[in-house]
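K.L.:
Adding 826 to a residue's 1-based position in the sequence shown gives its number in my numbering.
Structure in structure tokens, see below.
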Amino acid sequence: GYIEPKMKWHYSHYDQWNQQTGEIQQQDREVAIFSVDSAMTFERPVTFDDKAHIQTLEPRLFYLNVPYKAQEELGLYDTTLIERLEHRLFEDNRFSGSDRIGDTEQISAGITSRFIESENYREWLSFTIGQAYYFEERQLNFVFDPDTRSFTDLGIDSRNVSPLLTQIEYSPNENWLLGGQLEYNDRESRTEQGLLSVQYLTPALIVNLRHRTSRYQRAENIEQSEFSFAYAVSNDFSLIGRWKQDLQKNRTIDSFVGLEYEDCCWALRLVYRKFLNIRLDSQGLAIPGTGEYNNGIYLEFVLKGLTNIGRRMDIANDIYGYSDRFNPEPN
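The following block contains the structure:
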């Protein structure tokens, strides 16, 4: 097991265009983040079909304290609510990107049980359940509406518990992984989010198919499907890609395709990406000259053991099961 306290100081500086005054506006933000992550692992031998297995029991507690900071003067350029509840339970920011840092004081509790074949240590079944308990109201609480290209302020979130997360993954053999996830709001007796996933995995190839339904703090349901892959063409070259579709509105939410090259000392990633435009200025207005979609070519160059040059891309979060050798540690 482990106990890992962490103190983080987050500083951001913005030079942004104010459409109303026609001037460049400078803004700074400082946030101190404190967390304590702890977990233990217990094991016992079990037998299925006369075969020896190991069952684990892994309780986890995560304490997080992030004070409220007024951030309304900062534009929203790449931020939205993280979709996956397990990330919101055990990460220090419930928003993606860096334009918003969510205020909270909470304890997240979860427990995972795994079944592992003793002969080859292959994990074939896992089950997780978890929930967050809040000590304070959360003042930063909004969702993005792609139709109006605006964020809707939902007001103060006064719930003292999060939806209950349950997750199961089953691997019938070394190449296939089937998964399901459910977020259930026991206060309102409704399902907030559901996910079904299929993964095909070989040493050279990862292919994911995922289907998600969600109504987290929204009046209408959201239904999305996603396809992603990573293919090692050779020891040096890999192809990566993702396509995410809104089935309710029949439009692409996010898509990219890219090429990676890696040798002993350096690595290079080139990606073309197209995604729904969520960029807003500090007044919550669409930035002039921008359409429904953003698109661009992104280049990332890594000197191993030293630094990254170019825009850092969180490919491991976009392609489930992919181990990002460029950025081995999560953002």
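Ideal Cβ placement from N, Cα and C applies to all residues, glycine included.
Thr1078 to Gly928, Cα distance in whole Å?
P.N.:
The sequence position of residue 1078 within the sequence shown is 252, counting from 1. The sequence position of residue 928 within the sequence shown is 102, counting from 1. Looking at the two C-alpha atoms, the distance is approximately 28 Å.
K.L.:
Buried or exposed: Ile982, going by 16 or more other Cβ atoms within 10 Å of its Cβ?
P.N.:
Working through the sequence shown from its first residue, we reach residue 982 at position 156. Ile982 comes out exposed.
K.L.:
For Arg870, which residues of its own chain have a beta-carbon under 6 Å away from its beta-carbon, when the five flanking residues on both sides are left out?
P.N.:
Reading the sequence shown from its first residue, position 44 is the one you call residue 870. Gln881.
K.L.:
Does DSSP classify Asn1143 as helix, strand or coil?
P.N.:
Taking the first residue of the sequence shown as position 1, residue 1143 is located at position 317. If DSSP states are grouped into helix, strand and coil, Asn1143 belongs with the helices.
K.L.:
For Gln932, which residues from the same chain have a beta carbon less than 7 Å from its beta carbon, with the 5 sequence-adjacent residues on both sides left out?
P.N.:
Here residue 932 refers to the residue found at position 106 when the sequence shown is read from its first residue. So the qualifying residues of the chain are Leu890, Ala958, Tyr959, Tyr960, Phe961.
K.L.:
Which runs of the beta strand (DSSP E) spanning at least 3 residues fall entirely within the region 1001 to 1048, listed in chain order?
P.N.:
Whole beta strand (DSSP E) segments, 3+ residues: 1002 to 1011, 1016 to 1027, 1031 to 1040.
K.L.:
Between Asn919 and Thr1028, what straight-line distance do the alpha-carbon atoms span, to the nearest angstrom?
P.N.:
To locate residue 919, count along the sequence shown from 1; it is residue 93. To locate residue 1028, count along the sequence shown from 1; it is residue 202. Near 33 Å, if we compare the C-alpha coordinates of Thr1028 and Asn919.
K.L.:
Taking all protein chains shown into account, do 16 or more other C-beta atoms lie within 10 angstroms of the C-beta of Glu1086, making it buried, or fewer, making it exposed?
P.N.:
As a working mapping, residue 1086 is identified with position 260 in the sequence shown. Burial call: buried.
K.L.:
Would you list, in sequence order, the uninterrupted beta strand (DSSP E) runs of no fewer than 3 residues that lie entirely inside the region 853 to 929?
P.N.:
The qualifying runs are 868 to 874, 877 to 892.
K.L.:
For Ile1145, collect the residues of the same chain with a Cβ closer than 8 Å to its Cβ; drop the 5 residues on either side in sequence, then sort them by chain order.
P.N.:
For the purposes of this step, residue 1145 is identified with residue 319 of the sequence shown, where counting begins at 1. Ile1032, Asn1034, Ser1054, Phe1055, Ala1056, Ile1066, Arg1068, listed in sequence order.
K.L.:
For the putative contact between Phe1127 and Arg1099, defined by C-beta atoms under 8 Å, what is the C-beta separation to the nearest angstrom?
P.N.:
Taking the sequence shown and counting its residues from 1, the one referred to as residue 1127 is at position 301. Taking the sequence shown and counting its residues from 1, the one referred to as residue 1099 is at position 273. Not confirmed; about 17 Å, so no contact.
K.L.:
Please state whether DSSP places Ser988 in a helix, a strand or coil.
P.N.:
If you number the sequence shown from 1, residue 988 lands on position 162. Here Ser988 sits in coil by DSSP.
K.L.:
Reducing DSSP to helix, strand and coil, say where Glu830 ends up.
P.N.:
Here the question's residue 830 lines up with position 4 in the sequence shown. In the structure shown, Glu830 sits in a strand (DSSP, three-state: E or B).
K.L.:
Under 6 Å: does the beta carbon of Thr873 sit that close to some heavy atom of the ligand NAD?
P.N.:
The ligand NAD is not among the ligands present in this structure, which contains no ligands whatsoever.
K.L.:
Just tell me which of Leu1129, Leu915, Glu1052, Val987 has its CA closest to the CA of Phe888.
P.N.:
On the sequence shown, residue 888 is found 62 positions in, with the first residue counted as 1. It is Leu915.
K.L.:
Between Lys1130, His839, Ile942, which has its C-alpha nearest Gly901's C-alpha?
P.N.:
As a position in the sequence shown, residue 901 is number 75, starting the count at 1. The option with the nearest alpha carbon to Gly901 is His839.
K.L.:
I'd like the ranges of any beta strand (DSSP E) spanning at least 3 consecutive residues and lying wholly in the region 1052 to 1100.
P.N.:
Runs found: 1063 to 1072, 1077 to 1088.
K.L.:
Can you tell which of Gln851, Ser861, Arg855, Gln852 has its C-alpha closest to the C-alpha of Lys832?
P.N.:
Sequence index remark: in the sequence shown, residue 832 carries index 6 (1-based). Considering only alpha carbons, the answer is Ser861.
K.L.:
Identify, in the order they occur along the chain, each residue of the same chain with its Cβ nearer than 6 Å to the Cβ of Leu1094, setting aside the five sequence neighbours on each side.
P.N.:
By one-based count along the sequence shown, residue 1094 stands at place 268. So the list reads Tyr1087, Phe1127, once near-sequence residues are dropped.
K.L.:
Over the uninterrupted beta strand (DSSP E) stretch that includes Glu949, give me the two end residues.
P.N.:
In the sequence shown, the residue the question calls residue 949 occupies position 123. It spans 949 to 960 - the beta strand (DSSP E) in which Glu949 sits, taken as one unbroken run.
K.L.:
Tell me the residue span of the beta strand (DSSP E) that contains Leu1125.
P.N.:
The sequence position of residue 1125 within the sequence shown is 299, counting from 1. Where Leu1125 is concerned, the enclosing beta strand (DSSP E) stretches over 1119 to 1129.
K.L.:
Check whether the Cβ atoms of Arg1041 and Asn1047 sit closer than 7 Å, and answer yes or no.
P.N.:
Residue 1041 sits at position 215 when you count from the first residue of the sequence shown. Residue 1047 sits at position 221 when you count from the first residue of the sequence shown. Yes, the Cβ-Cβ distance between Arg1041 and Asn1047 is below 7 Å.
K.L.:
Give the DSSP bridge partners of Gly936, in chain order.
P.N.:
Working through the sequence shown from its first residue, we reach residue 936 at position 110. Answer is Arg886, Gly956, bridged to Gly936.
K.L.:
Identify which residue in Thr992, Leu1102, Leu1125 has its Cα closest to the Cα of Tyr1194.
P.N.:
No statement about residue 1194 is possible, as the shown extent of the chain runs from 827 to 1157 and does not include it.
K.L.:
So, for Glu949: in the same chain, excluding its five sequence neighbours on each side, which residues have a beta-carbon less than 6 Å away from its beta-carbon?
P.N.:
By 1-based counting over the sequence shown, the position of residue 949 is 123. Here the set comprises Arg940, Ile942.
K.L.:
Tell me whether Glu849 sits in a helix, a strand or coil according to DSSP, three-state version.
P.N.:
Position 23 of the sequence shown holds residue 849. In the structure shown, Glu849 sits in a strand (DSSP, three-state: E or B).
K.L.:
Rounded to whole angstroms, what is the Cα-Cα separation between Gly956 and Gly848?
P.N.:
The residue labelled residue 956 in the question sits at position 130 within the sequence shown. The residue labelled residue 848 in the question sits at position 22 within the sequence shown. Taking the straight line joining both Cα atoms gives about 48 Å.
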